[in-house]
Amino acid sequence: MTTIFQPDHATIAGVSEPAKSRATRRVRGLSDRTIAWLFVAPTIALLLAINIFPLIWMIRLSFTSLNLSMSYLPLRVVGLDNFTDILTDEDIWIRLQTTAQFVIWSVVLQVVIGFALALLINRQFRGHSFWTTIILLPMMLSPAVVGNFWTLLLQPQIGPFNYLISLFTGVPPSSFSMTGQVSLAPWTIVLVDTWMWAPYVMLICLAGLRSIPDYIYEAAEVDRASAWRQFWSITLPMTVPFLMLAVLFRAIENFKMFDMVNLLTSGGPGSTTELVSITLKRAAFEKWRTGYSSALAIILFVTVFGAANIYVKVLNKVKQR
Amino acid sequence: MRTFNWFRSSAATTVLGAALLGIFGGGEAAAQGRQLTLCWAAWDPANALVELGKDFTKRSGIEMKYEFVPWTSYADRFLNELNSHGKLCDLIIGDSQWIGGAAENKWYVKLNDFFDKEKISMDDFVPATVVGYSQWPKNSPNYWALPAMADAVGWTYRKDWFSRPEIQSAFKVKYGRDLAPPKTYDELKQIAEFFQGREIDGKKVYGAYIFTERGSEGITMGVTNVLYNYGFGYDNPKKPYQMQGVVNSADAAKGLEFYKELYKCCTAPGMTNAYMQEGLDAFKSGQVAMQMNWFAFFPGLYKDPNVGGDKIGFFVNPAGANGHFTQLGGQGLSVVATSDRKDDALAYIKWFAQPAVQQKWWQLGGYSALKAVVDAPDFPKSAAFAPQFLESMGIVKDFWAEPSYAQLLLDMQKRVHDYVVADKGTAQQALDLLVKDWAKVFKEQGKQVASQ
Numbered sequence: 001m002t003t004i005f006q007p008d009h010a011t012i013a014g015v016s017e018p019a020k021s022r023a024t025r026r027v028r029g030l031s032d033r034t035i036a037w038l039f040v041a042p043t044i045a046l047l048l049a050i051n052i053f054p055l056i057w058m059i060r061l062s063f064t065s066l067n068l069s070m071s072y073l074p075l076r077v078v079g080l081d082n083f084t085d086i087l088t089d090e091d092i093w094i095r096l097q098t099t100a101q102f103v104i105w106s107v108v109l110q111v112v113i114g115f116a117l118a119l120l121i122n123r124q125f126r127g128h129s130f131w132t133t134i135i136l137l138p139m140m141l142s143p144a145v146v147g148n149f150w151t152l153l154l155q156p157q158i159g160p161f162n163y164l165i166s167l168f169t170g171v172p173p174s175s176f177s178m179t180g181q182v183s184l185a186p187w188t189i190v191l192v193d194t195w196m197w198a199p200y201v202m203l204i205c206l207a208g209l210r211s212i213p214d215y216i217y218e219a220a221e222v223d224r225a226s227a228w229r230q231f232w233s234i235t236l237p238m239t240v241p242f243l244m245l246a247v248l249f250r251a252i253e254n255f256k257m258f259d260m261v262n263l264l265t266s267g268g269p270g271s272t273t274e275l276v277s278i279t280l281k282r283a284a285f286e287k288w289r290t291g292y293s294s295a296l297a298i299i300l301f302v303t304v305f306g307a308a309n310i311y312v313k314v315l316n317k318v319k320q321r
Numbered sequence: 322m323r324t325f326n327w328f329r330s331s332a333a334t335t336v337l338g339a340a341l342l343g344i345f346g347g348g349e350a351a352a353q354g355r356q357l358t359l360c361w362a363a364w365d366p367a368n369a370l371v372e373l374g375k376d377f378t379k380r381s382g383i384e385m386k387y388e389f390v391p392w393t394s395y396a397d398r399f400l401n402e403l404n405s406h407g408k409l410c411d412l413i414i415g416d417s418q419w420i421g422g423a424a425e426n427k428w429y430v431k432l433n434d435f436f437d438k439e440k441i442s443m444d445d446f447v448p449a450t451v452v453g454y455s456q457w458p459k460n461s462p463n464y465w466a467l468p469a470m471a472d473a474v475g476w477t478y479r480k481d482w483f484s485r486p487e488i489q490s491a492f493k494v495k496y497g498r499d500l501a502p503p504k505t506y507d508e509l510k511q512i513a514e515f516f517q518g519r520e521i522d523g524k525k526v527y528g529a530y531i532f533t534e535r536g537s538e539g540i541t542m543g544v545t546n547v548l549y550n551y552g553f554g555y556d557n558p559k560k561p562y563q564m565q566g567v568v569n570s571a572d573a574a575k576g577l578e579f580y581k582e583l584y585k586c587c588t589a590p591g592m593t594n595a596y597m598q599e600g601l602d603a604f605k606s607g608q609v610a611m612q613m614n615w616f617a618f619f620p621g622l623y624k625d626p627n628v629g630g631d632k633i634g635f636f637v638n639p640a641g642a643n644g645h646f647t648q649l650g651g652q653g654l655s656v657v658a659t660s661d662r663k664d665d666a667l668a669y670i671k672w673f674a675q676p677a678v679q680q681k682w683w684q685l686g687g688y689s690a691l692k693a694v695v696d697a698p699d700f701p702k703s704a705a706f707a708p709q710f711l712e713s714m715g716i717v718k719d720f721w722a723e724p725s726y727a728q729l730l731l732d733m734q735k736r737v738h739d740y741v742v743a744d745k746g747t748a749q750q751a752l753d754l755l756v757k758d759w760a761k762v763f764k765e766q767g768k769q770v771a772s773q
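Those protein sequence lines, which keep their order, are chains U and E.
Just so we're aligned: the first sequence equals residues 1 to 321 in the numbering used here.
Just so we're aligned: the second sequence equals residues 322 to 773 in the numbering used here.
#1: Among residues of its own chain, excluding the 5 on either side of residue 59 of chain U, which ones have a beta-carbon nearer than 7 Å to its beta-carbon?
#2: Which value, in whole angstroms, describes the spacing of the CA atoms of residue 50 of chain U and residue 536 of chain E?
#3: With 8 Å set as the bound, which would you pick, yes or no: does the beta-carbon of residue 267 of chain U sit closer than that to a beta-carbon of chain E?
#4: Quick check on residue 463 of chain E - is its C-beta less than 8 Å from some C-beta in chain U?
#5: For residue 404 of chain E, which of E/702, E/473, E/659 and E/719 has the nearest alpha-carbon?
#6: Kindly indicate if chain U contains any beta-carbon less than 8 Å away from that of residue 725 of chain E.
#7: Thinking just about the alpha-carbon of each residue, which of E/754, E/401, E/749 and E/391 is nearest to the one in residue 70 of chain U?
#8: Tell me whether the region 632–640 of chain E and the region 494–506 of chain E touch, counting them as touching only if at least three CB pairs, one residue from each stretch, are closer than 8 Å.
#9: Counting only beta-carbon atoms, is residue 157 of chain U nearer than 8 Å to chain E?
#10: Could you list the residues in the region 52–80 of chain U with a C-beta less than 8 Å from some C-beta on chain E, going in chain order?
#11: Give the single residue among E/411, E/385 and E/734 whose Cα lies nearest to the Cα of residue 663 of chain E.
#12: To the nearest angstrom, how far is the alpha carbon of residue 430 of chain E from that of residue 463 of chain E?
#13: Quick one: grab the DSSP three-state call for residue 475 of chain E.
#14: Can you name the residues that DSSP bridges to residue 413 of chain E?
#15: Have a look at E/587, E/471, E/766 and E/541 and flag the residue whose alpha-carbon is nearest the alpha-carbon of residue 654 of chain E.
#16: Which residue or residues does DSSP assign as beta-bridge partners of residue 521 of chain E?
#17: Residue ranges of each alpha helix (DSSP H) run of no fewer than 4 residues wholly in the region 600–665 of chain E, ordered along the chain?
#18: Within a Cβ cutoff of 6 Å, which residues of the same chain sit near residue 408 of chain E, ignoring the five residues on either side of it in sequence?
#19: Pull up the distance between the alpha-carbon of residue 212 of chain U and that of residue 235 of chain U, whole angstroms please.
#20: Here's the rule I'm using: 16 or more other beta-carbon atoms within 10 Å means buried, otherwise exposed. How should residue 538 of chain E be labelled?
#21: Check whether the Cβ of residue 288 of chain U lies closer than 8 Å to any Cβ atom in chain E.
#22: Hey, would you say residue 275 of chain U sits closer than 8 Å to residue 102 of chain U, going by beta carbons?
#23: DSSP three-state call for residue 557 of chain E: helix, strand or coil?
#24: Check the Cβ-Cβ distances between residue 652 of chain E and every residue of chain U, and say whether any is below 8 Å.
#25: Relative to the alpha-carbon of residue 513 of chain E, which residue among E/456, E/461, E/436 and E/588 has its alpha-carbon at the smallest distance?
#26: What residues of chain E sit near residue 170 of chain U, judged by a beta carbon separation below 7 Å?
#27: Please name the residues in the region 713–747 of chain E whose beta-carbon is closer than 7 Å to at least one beta-carbon of chain U, in chain order.
#28: Quick one: is residue 627 of chain E buried, meaning 16 or more other Cβ sit within 10 Å of its Cβ, or exposed?
#29: Return the residues of the region 529–548 of chain E that lie within a Cβ-Cβ distance of less than 7 Å from chain U, sorted by chain order.
#30: In terms of residue numbering, what span does the alpha helix (DSSP H) encompassing residue 199 of chain U cover?
#31: Rounded to whole angstroms, what is the Cα-Cα separation between residue 763 of chain E and residue 237 of chain U?
#32: Taking only beta-carbon positions, decide if residue 177 of chain U is within less than 8 Å of chain E.
#33: Go ahead and pull the three-state DSSP assignment for residue 529 of chain E.
#34: Taking DSSP as the reference, what is the three-state secondary structure of residue 432 of chain E?
#35: Residue 581 of chain E lies in the alpha helix (DSSP H); which residues open and close that run?
#36: When we look at the beta-carbon of residue 379 of chain E and count the other beta-carbons within 10 Å, is it buried (16 or more) or exposed?
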């Protein structure tokens, strides 16, 4: 371990002799373990400072009545009141349902479209790299940019999206609003999220498809298995772990989804597309209900963490099979 | 070699960085006390204030820096700043509803002693602005801000369309009266219905533009203009915080129903989440006949080459069945308690309060709240919208200014938007739920909330 600190001749060429020997002595005096700790200590300190400490502080705050817009009020310890309030609040359950629907539909669509794109891109054809780059473009954009330009695209009077729909259906373009109608807004956020993230699922699936050895297909060809049979018996089963990984990543991300939806609909019309992350942001940074929002954040964290753990266990079982 | 060079260059970079920080940090320290940062919203009057501020710099030698934030994130950004005791702003033009929280949390410097010392009298300002922007508790002689930007909701209309003979006669045939700026909301709805979908100069136009924004304060600042005039109140004047039957009275529910009818019948498509800027865009592009918006924007609209001048007219928020009020806007100028340059900030307030400066403020496009300016005999003739502004400032009502105003506001945003835009439930149910939400907030704040 220490050897990596011993400079070669080229390295020490520009350093004076006393300084050289001092540095070497100092480095030689440290054990491997100490040096290892020295390397990881800054990372651990940073992690403690920006992750663990705020988490512990948040847990503490979740049992209090703290409201930052009224910080002159005495801080009261309210026990589990915040948690009870949240879990008995009908609105929160509706927000959780809205979030679950958004997660399920967007992940399902992204997996289906992403997998289909991966199957297409996996073939060798002219302009393959060009089309791969084009497909990957949406996921390279910032969600804020995506939210803003889709807002313009979906604008009922000047946005091209409504004109496109009108072209195919004959419905007047300004007669419907994708982000302003209760029946359409939830599908709009699913659509935009799918547009943005299906390429990401495609990438993961592509890695899965490329990992299947050719000889398996060659053996299937020898056995005269049809393309359909090869897909069902080789391609799909061997990419399932990758698909499950994609589902895990996208589900966690979409459960936390905030920026894009906030820009597209602000949770509206009414509260139709108000995901639980928007509710949390409003409680924490607009209503300043710090105690309450800390409790809500903990509930959401435990939910995602628990669900992800169960899922990973299932994923491992699938991999072992 | 590379390793040591890297260490060396890193060290050199660090030293250079530290030196640069020292230079600039030191520079800032040297300039401390001679530079003030004023925080406000990014809108037309802010540009006027920048222009006005040049005089202050000339006279005092104190340089003015500005931190302007778009309206949609104005409250988030600056309340966060105040909450975290930040030092970004020395002076802040804070929204009227912040005054309770700012006073209770000691975010602002109390100005009573300063006003006494400098002979600045609140009697010299329009009473509604003093109560709205400066006092906490309301109607008590405790001042936390100087009324800086008087504002209220008003209306603009296409005067050129209203005056066209063919449109006038068509209107008269349909409604049996002359087409003129509406005095009541029923009249306004009739006019909006009349223009809705009509073709003018080969272009389809719409009746009215009203606020519907969900995220910050938009729909609340719009709907209250109707609710007040139908009988809505915040609480029983005799029993503070008793909201049952006041917020959700049958008349208030009628007002809410009316706002929804107006939204459904007479607005342009897609206006489901629209506030000030969308209204300005709609009006400037010749899309709507009438527009609800803040007076603060009217100087800019009047100057607009396409819809301003002779083409634009202004009217006061129409009356309803049970009254005639309008929503108060506007802000007061305060010194931030955490500022290191309080004395200079107070010097700015002293300068800003002078009648000559207030007069210039009005001329540049700001709205003075000083009586000497607005009560001057030539004031009504000083701008096309001045008479309407004066009348409006006499009938203003404001939203809650409690420390918990943000919670109260967001609750109202949700309940009203759910009903008006998302078609959820009835008006009565929306207001009943609002009473429940508000009662909960006040109870958390430790207030006694009487149910009857």
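Glycine included, every Cβ here is placed at the ideal spot set by N, Cα and C.
Since this is a predicted model, take the numbers as computed values, not measurements.
Per the coordinate set shown:
#1: 298
#2: 29 Å
#3: At least one chain E Cβ lies under 8 Å of residue 267 of chain U.
#4: Taking 8 Å as the CB threshold, residue 463 of chain E stays off the interface with chain U.
#5: E/659
#6: yes
#7: E/401
#8: yes
#9: yes
#10: 65, 67, 68, 69, 70, 71, 72 and 73
#11: E/411
#12: 11 Å
#13: strand
#14: E/360 and E/655
#15: Ranked by Cα distance from residue 654 of chain E, the first of E/587, E/471, E/766 and E/541 is E/471.
#16: E/524
#17: 619–624
#18: Within the same chain, and ignoring the five residues on either side of residue 408 of chain E in sequence, the residues whose Cβ sits closer than 6 Å to its Cβ are 659.
#19: In this model, residue 212 of chain U and residue 235 of chain U are separated by some 8 Å (Cα to Cα).
#20: It counts as buried.
#21: yes
#22: yes
#23: strand
#24: So no, residue 652 of chain E is outside the interface.
#25: E/588
#26: Ordered by position in chain E, no residue passes the 7 Å Cβ test against residue 170 of chain U, which lies about 17 Å from the chain.
#27: 724, 725, 727, 728, 731, 735, 738, 739, 742, 743, 744 and 745
#28: Of the residues assessed, residue 627 of chain E falls on the exposed side of the cut-off, its CB having fewer than 16 other CB atoms within 10 angstroms.
#29: The region 529–548 of chain E vs chain U, Cβ under 7 Å: 535 and 536.
#30: 185–210 is the span of the alpha helix (DSSP H), which, as asked, contains residue 199 of chain U.
#31: 58 Å
#32: yes
#33: strand
#34: coil
#35: 571–587
#36: Under this definition residue 379 of chain E is an exposed residue.
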